[in-house]
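Inspection log for the structure reproduced underneath, given as structure tokens.
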Amino acid sequence: MAWKKLLTIAYIIALCTAIAVFWYRISDPRQQHKGFSRMIWQARAIAVRTIPLTGSGHYIASRGGQPFYLAHPKRVDRLWAPDWETGTLHEHILALPVLDYRSIRTEVVGSRYHVYDGSARTWISGTIGSPDFVQHENMPYFLSAAAADGENALVVSRYKGQTTLGQIRRGRRVQFFPFLLETQVDGFFCRLGHLHTDDRVGKAVYLHTYRNSFLVADTGWTRQYQANTIDTISQAKIKTATRDSVLTLVAPSLVVNKKSVLHWPFLYVYSNIMAANERSADFRRNAVIDVYHLEDGGTYVYSFYIPPYKRWRLIDFRMVSPEEAIVLYPDAVVHYRFSPRETER
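Note that this note's numbering has the sequence shown beginning at 176, numbered continuously upward.
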């Protein structure tokens with residue numbers, strides 16, 4: 176009789192597992208907004224070179240795919256550049272003062288680096304390989320994102336309680352443009368997004384995190400047009416509350432656009448929303464990238480998949496060309512080439 180009890184227990188476990196999987200699939204908010212379709216580029220991602228990483232927490236510091244640099248929040252005076260020929264990382268030591276901040280970020284544009292912190296009113300700029308740097312202290316506002324070029328920068332900051340786009344000139348003078356972004360819920364979380372600039376063409380792009388909208392402007396924040404990603408999430412699905420005078424999210428929020436890359440004239444968006452014509456297994460296994468043509472009013476062009484590395488999905492990525500990408504995973508950085516075949520599913 177013992178075997179019958181074991182069989183019954185195994186049956187109950189299998190049934191509960193099946194119910195849990197079914198419930199997860201029908202309740203996953205990413206799969207409940209399928210009022211759109213994707214044209215999937217059936218490209219095979221070929222890993223040209225893989226470089227393993229020691230430890231976790233790395234992020235991509237470079238604005239573009241070439242040159243490419245990694246940084247780490249706990250080693251703020253270091254940058255690492257991959258050597259694809261040898262499969263190793265070259266370390267670059269930055270000339271920085273002693274920093275004791277909480278959320279330091281480094282951005283690299285060409286040979287220039289820019290260090291800022293969302294919890295400190297300081298911005299540091301220098302050149303890789305040079306002992307000199309410029310430190311702008313006691314800035315009037317905290318920066319949550321910055322895209323710098325020399326002494327000027329486009330920034331995202333909290334201004335009068337709202338996420339606001341701004342511009343810093345000559346390291347000090349700040350001008351904000353509070354009416355460029357629409358307030359849907361609280362004015363802070365609902366306006367969060369990804370900031371990109373390309374100084375070669377004088378363009379800036381701001382992509383919302385929690386809804387299907389992006390702004391294209393010049394680098395003086397003169398609006399050129401507003402466009403939408405292909406998903407149907409036009410309203411930010413967030414709930415907020417003020418606790419101990421601090422505004423916080425009080426429920427799980429639906430992230431629409433997880434990561435993005437500007438490689439002019441294309442905007443590449445790592446989407447968190449599944450399309451009606453996608454297979455659930457493909458969507459859950461891979462990172463789906465949607466491509467938009469910014470010289471054609473932000474129109475949708477196609478989508479493609481970036482595969483996982485081992486069991487990990489990507490953390491971030493940069494495009495080297497429309498057929499090449501450098502992808503960061505928790506324990507490796509991978510250089511991919513994509514086969515040139517296109518087909519519509």
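Glycine residues also receive a C-beta, built at the ideal position from the N, C-alpha and C atoms.
Quick caveat, the model's predicted, so the values are computed rather than measured.
Cβ pair residue i, residue j closer than 9 Å
i, j, result
"residue 278", "residue 302", "no"
"residue 135", "residue 231", "The requested residue 135 is not part of the displayed model; the chain covers only 176 to 520."
"residue 394", "residue 210", "no"
"residue 343", "residue 298", "yes"
"residue 322", "residue 282", "yes"
"residue 480", "residue 465", "no"
"residue 228", "residue 236", "no"
"residue 349", "residue 316", "yes"
"residue 363", "residue 397", "no"
"residue 318", "residue 288", "no"
"residue 413", "residue 422", "no"
"residue 259", "residue 226", "yes"
Three-state class that DSSP yields for residue i in the structure shown
i, result
"residue 458", "helix"
"residue 266", "strand"
"residue 424", "strand"
"residue 523", "Nothing can be reported for residue 523: it is not among the residues displayed for the chain, which extend from 176 to 520."
"residue 355", "coil"
"residue 441", "strand"
"residue 453", "coil"
"residue 260", "coil"
"residue 471", "helix"
"residue 488", "coil"
"residue 366", "helix"
"residue 289", "strand"
"residue 463", "strand"
"residue 311", "strand"
"residue 337", "strand"
"residue 373", "strand"
"residue 414", "coil"
"residue 476", "strand"
"residue 513", "strand"
"residue 246", "strand"
"residue 343", "strand"
Between the CA atoms of residue j and residue i - distance to the nearest angstrom
i, j, result
"residue 401", "residue 219", "33 Å"
"residue 442", "residue 467", "5 Å"
"residue 431", "residue 261", "38 Å"
"residue 337", "residue 359", "11 Å"
"residue 473", "residue 403", "8 Å"
"residue 501", "residue 438", "13 Å"
"residue 242", "residue 420", "43 Å"
"residue 444", "residue 383", "11 Å"
"residue 510", "residue 294", "34 Å"
Bridge partners - residue i, DSSP secondary structure assignment
i, result
"residue 508", "226, 503"
"residue 493", "501"
"residue 393", "378"
Distance cut-off 8 Å: residue i Cβ against heavy atoms of the ligand FMN
i, result
"residue 469", "For the ligand FMN, the structure offers nothing, since it holds no ligand at all."
Exercise for the section: Give a yes or no on contact between the segment 389–401 and the segment 358–367, applying the rule of three or more CB pairs nearer than 8 Å. Expected result: When Cβ pairs closer than 8 Å are counted between the two stretches, the segment 389–401 is seen not to touch the segment 358–367, the count staying below three.
Practice task
Count the CB pairs spanning the segment 478–487 and the segment 413–431 that are closer than 8 Å, and state whether there are at least three.
Solution key: Of all C-beta pairs linking the segment 478–487 to the segment 413–431, fewer than three are shorter than 8 Å, placing the two stretches out of contact.
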